[in-house]
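Residue numbers (the numbering used here): 3 to 94.
Here is the structure:
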């Protein structure tokens, strides 16, 4: 004979039939896990950027602009110093 009472057996059968969870009143996170994933929907809102993986001859204008800006700053001596070469290191 099983140790489960009649009410417990009914609760187990109901949970199997209706796909509910028998818990002890604590939060389990099952509600969040049942929700649909939002990632694919959010990703569909944005255009996929063209990159080297799609077209090997593609040159990203943002990357080019950044390179030109760093070159301009380097000519003026305004680039960020390498690690360990800042003002504090030069104080000695």
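Every residue, glycine too, gets a C-beta built ideally from N, C-alpha and C.
Legend entry - Local conformation of residue 35 per DSSP, three classes: helix
Legend entry - Euclidean distance between Cα positions of residue 53 and residue 61: 8 Å
Inset, instruction - State the Cα-Cα distance for the pair residue 13 and residue 29, rounded to the nearest angstrom. - result: 19 Å
Inset, instruction - Measure the CB-CB distance between residue 32 and residue 23 and report whether it falls below 7 Å. - result: yes
Inset, instruction - Report the three-state DSSP secondary structure of residue 43 (helix, strand or coil). - result: helix
Inset, instruction - Put residue 81 into one of helix, strand or coil per three-state DSSP. - result: coil
Legend entry - Start-to-end residues for the alpha helix (DSSP H) that takes in residue 20: 8-20
Legend entry - Straight-line gap, residue 6 to residue 46 (C-alpha atoms, nearest Å): 49 Å
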